[in-house]
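Novice: First to last, the sequence lines map onto chains A and B. So for the first sequence, numbering that gives the first Met the number 0 puts the first residue at 0; every next one is plus one. So for the second sequence, numbering that gives the first Met the number 0 puts the first residue at 0; every next one is plus one. From the three backbone atoms N, C-alpha and C, an ideal C-beta is built for every residue, glycine too.
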Amino acid sequence: MLHAQLTMYEAIRQVAATRLDQEALACGEARLSYGQLLECIDSQAQSLAALGVQKGGKVACLLPPGPEFVYLFFALARLGAVIVPLDPQLRRQGLVDVLQDAQPLALVSSQPIDEELLFQQVPSLRHFILPGGPERSLNGEGSLSSLNVLPQDLLALLYTSGTTGRPKGTMHTHSSLIAPVVASIKLREVWLHKPSLMSIGQTAKAIGRYRARLLRAAGRPQTFLSTVGWHTITGLEVVLQALLMGDRLVVMPRFHPRQALQLVEQEHVTVVIAVPLAFQMMLGIEEFDRYDSSSLLICGTGAAPCPPDLARQIQRRFGCAVHIGFGATETAGGIAATSLADSADRQAATVGRPMPGMQVKVVDEERRSLPPGQVGELAVRSDSLMLGYYNAPDMTAQVIDEHGWYYTGDLALIDTAGYVRIVGRKKDVIIRGGQNIYPAEIEAYLAGNPRIREAAVVGIPSPLGGESVWAFIILEEDVAMTSQEVLDYCRAALELYKIPSQVRIVADFPRTELGKPQKFKLREKVLQGEDKV
Amino acid sequence: MDTPAKNPMSFEDFKRILAEELQIEESRIIPEATFLDDLLIDSIKLVELMLRLEEMGFALPLESAWDVETIGDAFKLYTQQ
Numbered sequence: 000m001l002h003a004q005l006t007m008y009e010a011i012r013q014v015a016a017t018r019l020d021q022e023a024l025a026c027g028e029a030r031l032s033y034g035q036l037l038e039c040i041d042s043q044a045q046s047l048a049a050l051g052v053q054k055g056g057k058v059a060c061l062l063p064p065g066p067e068f069v070y071l072f073f074a075l076a077r078l079g080a081v082i083v084p085l086d087p088q089l090r091r092q093g094l095v096d097v098l099q100d101a102q103p104l105a106l107v108s109s110q111p112i113d114e115e116l117l118f119q120q121v122p123s124l125r126h127f128i129l130p131g132g133p134e135r136s137l138n139g140e141g142s143l144s145s146l147n148v149l150p151q152d153l154l155a156l157l158y159t160s161g162t163t164g165r166p167k168g169t170m171h172t173h174s175s176l177i178a179p180v181v182a183s184i185k186l187r188e189v190w191l192h193k194p195s196l197m198s199i200g201q202t203a204k205a206i207g208r209y210r211a212r213l214l215r216a217a218g219r220p221q222t223f224l225s226t227v228g229w230h231t232i233t234g235l236e237v238v239l240q241a242l243l244m245g246d247r248l249v250v251m252p253r254f255h256p257r258q259a260l261q262l263v264e265q266e267h268v269t270v271v272i273a274v275p276l277a278f279q280m281m282l283g284i285e286e287f288d289r290y291d292s293s294s295l296l297i298c299g300t301g302a303a304p305c306p307p308d309l310a311r312q313i314q315r316r317f318g319c320a321v322h323i324g325f326g327a328t329e330t331a332g333g334i335a336a337t338s339l340a341d342s343a344d345r346q347a348a349t350v351g352r353p354m355p356g357m358q359v360k361v362v363d364e365e366r367r368s369l370p371p372g373q374v375g376e377l378a379v380r381s382d383s384l385m386l387g388y389y390n391a392p393d394m395t396a397q398v399i400d401e402h403g404w405y406y407t408g409d410l411a412l413i414d415t416a417g418y419v420r421i422v423g424r425k426k427d428v429i430i431r432g433g434q435n436i437y438p439a440e441i442e443a444y445l446a447g448n449p450r451i452r453e454a455a456v457v458g459i460p461s462p463l464g465g466e467s468v469w470a471f472i473i474l475e476e477d478v479a480m481t482s483q484e485v486l487d488y489c490r491a492a493l494e495l496y497k498i499p500s501q502v503r504i505v506a507d508f509p510r511t512e513l514g515k516p517q518k519f520k521l522r523e524k525v526l527q528g529e530d531k532v
Numbered sequence: 000m001d002t003p004a005k006n007p008m009s010f011e012d013f014k015r016i017l018a019e020e021l022q023i024e025e026s027r028i029i030p031e032a033t034f035l036d037d038l039l040i041d042s043i044k045l046v047e048l049m050l051r052l053e054e055m056g057f058a059l060p061l062e063s064a065w066d067v068e069t070i071g072d073a074f075k076l077y078t079q080q
């Protein structure tokens with residue numbers, strides 16, 4: 000029985016031991032059983048130990064979703080080492096910033112990199128490893144020492160954008176990453192294994208709605224399709240959900256809407272996890288109806304707000320339940336999710352009820368609890384909560400109190416039935432295609448240009464759902480700069496997804512009495528077509 | 000608007016529209032330029048661009064945002080529509 004007091008390696012070993020011949024991973028033509036997976040993990044752990052990777056040692060990973068990522072993750076878990084999964088599309092400066100913060104011993108990358116330069120800029124870095132190729136090392140030492148790995152040991156540093164331009168590494172342990180899987184198992188037991196008397200009403204509703212699909216799926220391993228990058232908590236948790244529940248994981252190294260539909264049909268996928276935009280793109284494929292998606296039981300989405308109409312379309316056209324999850328990297332993913340039995344309206348308009356083991360409350364400005372129905376900041380407490388931000392105790396103290404409550408920065412209300420509705424954000428953040436962007440980071444970068452006096456960056460609803468990044472710029476006196484030059488300046492260093500879609504040079508911003516830019520007014524003007532401001 | 004423009008665009012026109020929409024210097028819009036690596040345009044921005052082109056009467060299938068790599072690919076796709 001999986002529980003959060005196992006180490007990650009113990010957990011995968013335990014799951015694999017009872018299904019050595021069962022297929023665990025499908026990636027293109029490659030198929031891997033749980034037995035083969037364990038062998039590859041152990042072999043990788045030996046190689047890493049030979050390089051000197053030991054308990055607490057950090058290894059950065061620039062791999063796309065695929066078997067190599069899985070071996071590396073569990074091999075590092077076996078050694079008690081720490082994985083730092085990074086976006087394979089990270090640009091050079093962003094990569095250096097994160098590596099300098101994380102101080103890894105090794106970097107594993109599927110792409111050739113100018114490792115000599117990285118060795119110079121990141122003094123902790125001793126090894127560069129190209130999977131399947133010879134590793135480049137400054138030295139090679141160490142051996143497999145006696146391992147004393149504990150569930151509360153650090154296992155992963157998951158980087159998110161920072162509000163100040165500095166990347167934030169959320170510290171997760173073996174326990175905090177396993178806890179969401181344990182919560183999902185509890186939910187699944189209700190539906191597919193042991194419907195209890197308590198849940199019989201709900202079960203009946205779900206069976207009524209999805210009878211044939213539920214009966215086909217009941218008691219069998221599920222097949223997950225992961226379309227989200229594994230450097231994100233959403234992507235990583237899909238991997239863990241699939242493998243630690245003894246299911247099957249279909250891997251897509253890079254998302255493509257048509258290929259996703261093909262994989263659902265060919266691999267008889269039962270659970271697809273994708274951001275709302277990805278579902279929108281799949282639904283937009285002209286020959287959508289030619290693909291057989293009748294194996295699907297659940298379309299899970301999250302990481303960005305899912306418009307109610309999109310949720311209804313997913314439900315109607317895929318013919319399965321929509322789970323809208325809501326979570327944060329800090330809580331290893333799921334805080335709340337809708338369930339199979341929820342009405343279409345609830346599935347569309349709320350993010351469901353808290354996951355098992357997740358305590359939630361809504362608080363006012365003084366962090367006092369508010370009654371149901373009132374809007375305030377959402378706070379959560381659970382075993383899946385991060386230890387804190389790496390190297391940033393002050394930033395950690397701002398979001399986690401002495402009782403272990405994490406303040407999400409999201410404005411929400413909880414209704415009397417316990418459903419959570421997200422109504423806005425306390426923090427200034429733009430969500431674009433499932434990725435969080437902190438305007439302050441872009442504004443600070445823009446203000447670093449001597450020709451720019453002040454910048455205000457806002458999220459404008461995109462025709463694709465989610466938001467686009469718009470930058471409003473005030474120039475220094477007597478200087479000229481075109482919006483194209485501003486964009487070129489952004490293109491020189493910002494990550495691709497942070498580069499504004501639109502730039503407007505303005506004389507001034509609408510401001511508060513204290514002189515602070517009123518971003519909502521900038522947003523309103525764009526929406527009203529008066530974006531000259 | 001669903002109907003494509005009556006007169007197909009030349010590559011020069013296509014280049015001009017892209018330069019204007021993406022606010023990129025026209026000289027960088029060459030057939031070999033890749034959206035991702037050379038122009039720093041990811042698939043979401045490309046879909047947004049395609050929606051704008053559609054409004055202007057130049058429809059390209061949105062899913063091609065995940066297929067086209069270069070400016071040349073995009074223009075070829077447009078001429079094949």
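What distance in whole Å lies between the Cβ atoms of THR169(A) and THR328(A), which are believed to be in contact at a cut-off of 8 Å?
Specialist: In the first sequence, counting from the first residue as 1, residue 328(A) sits at position 329. In the first sequence, counting from the first residue as 1, residue 169(A) sits at position 170. 5 Å between Cβ atoms; contact.
Novice: Check whether the region 320-339 of chain A and the region 293-305 of chain A touch, using three or more Cβ-Cβ pairs below 8 Å as the test.
Specialist: The region 320-339 of chain A is in contact with the region 293-305 of chain A.
Novice: Counting pairs of Cβ atoms below 8 Å between the region 143-160 of chain A and the region 78-85 of chain A, do you hit three or more?
Specialist: Short answer: they touch.
Novice: DSSP beta-bridge partners for ALA105(A)?
Specialist: For this step, residue 105(A) is matched to residue 106 along the first sequence. VAL58(A) and HIS126(A), per the DSSP bridge assignment.
Novice: Per DSSP, which one or two residues make a beta bridge with TRP469(A)?
Specialist: Numbered from its first residue, the first sequence carries residue 469(A) at position 470. TRP469(A) is bridged to VAL457(A) and GLN501(A).
Novice: Name the chain A residues that come within less than 7 Å of ASP41(B), Cβ to Cβ?
Specialist: On the second sequence, residue 41(B) is found 42 positions in, with the first residue counted as 1. By Cβ distance, chain A contributes LEU495 and TYR496.
Novice: Starting from CYS298(A) and walking both ways along the beta strand (DSSP E), at which residues does that stretch end?
Specialist: Counting from 1 along the first sequence, the entry for residue 298(A) is found at position 299. Run containing CYS298(A): 297-300, per the beta strand (DSSP E) assignment.
Novice: Using DSSP with H/G/I as helix, E/B as strand and the rest coil, what is SER32(A)?
Specialist: Reading the first sequence from its first residue, position 33 is the one you call residue 32(A). The answer is strand: DSSP assigns SER32(A) an E or B state.
Novice: When DSSP labels each residue in this structure, what does MET394(A) get in the three-state scheme?
Specialist: Residue 394(A) sits at position 395 when you count from the first residue of the first sequence. The answer is helix: DSSP assigns MET394(A) an H, G or I state.
Novice: Label PRO7(B) either buried or exposed according to how many other C-beta atoms from any shown protein chain fall within 10 Å of its C-beta, with 16 as the threshold for buried.
Specialist: Counting from 1 along the second sequence, the entry for residue 7(B) is found at position 8. Exposed, because fewer than 16 other Cβ atoms sit within 10 Å of the Cβ of PRO7(B).
Novice: Let me make sure I understand the geometry here. Which of ASP507(A), SER46(A), LEU106(A) and TYR33(A) has the alpha-carbon closest to that of PRO122(A)?
Specialist: Along the first sequence, read from residue 1 onward, the residue named residue 122(A) stands at position 123. Comparing Cα positions, the closest option is LEU106(A).
Novice: Following the continuous beta strand (DSSP E) through LYS360(A), name the residue where it begins and the one where it ends.
Specialist: Against the first sequence, residue 360(A) aligns to sequence position 361. Counting along the chain, the beta strand (DSSP E) containing LYS360(A) begins and ends at 358-362.
Novice: How big is the Cα-Cα spacing for VAL359(A) and VAL379(A)?
Specialist: The count along the first sequence starts at 1 and reaches residue 359(A) at position 360. The count along the first sequence starts at 1 and reaches residue 379(A) at position 380. Answer to the nearest angstrom: the Cα atoms are 4 Å apart.
Novice: Mind checking if PRO64(A) is an interface residue toward chain B, Cβ cutoff 7 Å exclusive?
Specialist: Residue numbering aside, residue 64(A) sits at position 65 when the first sequence is read from its first letter. It does not: the Cβ of PRO64(A) has no partner Cβ on chain B nearer than 7 Å.
Novice: Which value, in whole angstroms, describes the spacing of the CA atoms of GLY139(A) and ASP41(A)?
Specialist: As a first step, residue 139(A) must be located in the first sequence, where it is residue number 140. As a first step, residue 41(A) must be located in the first sequence, where it is residue number 42. Only weak support exists for where GLY139(A) lies, its pLDDT of 48 falling under 50; the value from the coordinates is given anyway. Spanning the two alpha carbons is a distance of roughly 19 Å.
Novice: Go ahead and label PRO66(A) buried or exposed: buried means 16 or more other beta carbons lie within 10 angstroms of its beta carbon, across all protein chains shown.
Specialist: By one-based count along the first sequence, residue 66(A) stands at place 67. Buried is the call here.
Novice: Would you identify the three-state DSSP class for THR328(A), choosing helix, strand or coil?
Specialist: Within the first sequence, the letter at position 329 stands for residue 328(A). Helix, per DSSP.
Novice: Please identify the residue among MET55(B), GLN22(B), PHE57(B) and GLY56(B) whose C-alpha is closest to the C-alpha of ILE40(B).
Specialist: Mapped onto the second sequence, residue 40(B) falls at position 41. The option with the nearest alpha carbon to ILE40(B) is GLN22(B).
Novice: Does chain B have any CB closer than 7 Å to the CB of ILE472(A)?
Specialist: Working through the first sequence from its first residue, we reach residue 472(A) at position 473. Chain B, which has no Cβ nearer than 7 Å to the Cβ of ILE472(A), makes this no.
Novice: Excluding the 5 residues preceding and the 5 following GLN517(A) in the sequence, name in chain order all residues of the same chain whose CB lies nearer than 8 Å to its CB.
Specialist: By 1-based counting over the first sequence, the position of residue 517(A) is 518. These residues qualify, in order along the chain: PHE508, PRO509, ARG510 and THR511.
Novice: Rounded to a whole number of angstroms, what is the C-alpha to C-alpha distance between ASP66(B) and ALA303(A)?
Specialist: For the purposes of this step, residue 66(B) is identified with residue 67 of the second sequence, where counting begins at 1. For the purposes of this step, residue 303(A) is identified with residue 304 of the first sequence, where counting begins at 1. Cα to Cα, the separation comes out at about 24 Å.
Novice: With three or more C-beta pairs closer than 8 Å as the rule, is the region 376-395 of chain A touching the region 428-435 of chain A?
Specialist: With a cut-off of 8 Å, the region 376-395 of chain A and the region 428-435 of chain A do not count as touching, because too few Cβ pairs lie within range.
Novice: State the DSSP-derived secondary structure class of PRO516(A), mapped to helix, strand or coil.
Specialist: Within the first sequence, the letter at position 517 stands for residue 516(A). Of the three classes helix, strand and coil, the one that applies to PRO516(A) here is strand, per DSSP.
Novice: What residues in its chain sit with their C-beta under 8 Å from that of ALA348(A), if we drop five residues either side in the sequence?
Specialist: Position 349 of the first sequence, counted from the first residue, corresponds to residue 348(A). Cβ neighbours of ALA348(A) beyond the five flanking positions: PRO307 and ARG420.
Novice: Per DSSP, LYS167(A) forms a beta bridge with which residues?
Specialist: Numbered from 1 along the first sequence, position 168 holds the residue referred to as residue 167(A). In DSSP, LYS167(A) forms a bridge with THR159(A).
Novice: Our contact map puts VAL180(A) next to VAL69(A) with C-beta atoms below 8 Å; I'd like the distance itself, whole angstroms only.
Specialist: Counted from its first residue, the first sequence places residue 180(A) at position 181. Counted from its first residue, the first sequence places residue 69(A) at position 70. Wrong, their Cβ atoms sit about 15 Å apart, outside the cutoff.
Novice: Between ASP487(A), MET281(A), GLN240(A) and ARG12(A), which has its C-alpha nearest GLN261(A)'s C-alpha?
Specialist: In the first sequence, residue 261(A) corresponds to position 262, counting from 1. Of the candidates ASP487(A), MET281(A), GLN240(A) and ARG12(A), the one whose C-alpha sits nearest the C-alpha of GLN261(A) is MET281(A).
Novice: Chain B partners of ILE284(A), CB-CB under 7 Å?
Specialist: Here residue 284(A) refers to the residue found at position 285 of the first sequence. By Cβ distance, chain B contributes GLU62.
Novice: What number of angstroms, rounded off, separates the C-alpha of TYR406(A) from the C-alpha of ALA336(A)?
Specialist: For the purposes of this step, residue 406(A) is taken as residue 407 along the first sequence, with counting starting at 1. For the purposes of this step, residue 336(A) is taken as residue 337 along the first sequence, with counting starting at 1. Going by the C-alpha atoms only, they are around 18 Å apart.
Novice: GLU476(A) and ARG450(A): beta carbons closer than 7 Å?
Specialist: One-based indexing of the first sequence puts residue 476(A) at position 477. One-based indexing of the first sequence puts residue 450(A) at position 451. No. Outside cutoff.
Novice: Hey, MET244(A) and PRO64(A) are a contact pair by Cβ (cut 8 Å); roughly how many whole angstroms apart?
Specialist: Working through the first sequence from its first residue, we reach residue 244(A) at position 245. Working through the first sequence from its first residue, we reach residue 64(A) at position 65. Not a contact, Cβ separation roughly 18 Å.
Novice: Quick check on ASP344(A): buried or exposed, where buried means 16 or more other Cβ atoms within 10 Å of its Cβ?
Specialist: Here the question's residue 344(A) lines up with position 345 in the first sequence. Exposed, by the Cβ-count rule.
Novice: If ALA25(A) sits next to VAL249(A), beta carbons under 8 Å apart, how far is it from one beta carbon to the other, in whole angstroms?
Specialist: Position 26 of the first sequence, counting from 1, holds the residue named residue 25(A). Position 250 of the first sequence, counting from 1, holds the residue named residue 249(A). Contact flag correct, Cβ pair sits at about 5 Å.
Novice: Straight-line CA distance for TYR158(A) to THR231(A)?
Specialist: Along the first sequence, one-based indexing puts residue 158(A) at 159. Along the first sequence, one-based indexing puts residue 231(A) at 232. Between TYR158(A) and THR231(A), the C-alpha separation is close to 8 Å.
Novice: From this set, LEU276(A), ALA10(A), ARG289(A) and GLU285(A), which residue's C-alpha is nearest VAL545(A)'s C-alpha?
Specialist: Residue 545(A) cannot be examined here, being either before or after the span of chain A that is shown, 0 to 532.
Novice: Taking all protein chains shown into account, decide if GLU523(A) is buried (16 or more other Cβ within 10 angstroms of its Cβ) or exposed.
Specialist: Indexing the first sequence from 1 puts residue 523(A) at position 524. So GLU523(A) ends up on the exposed side.
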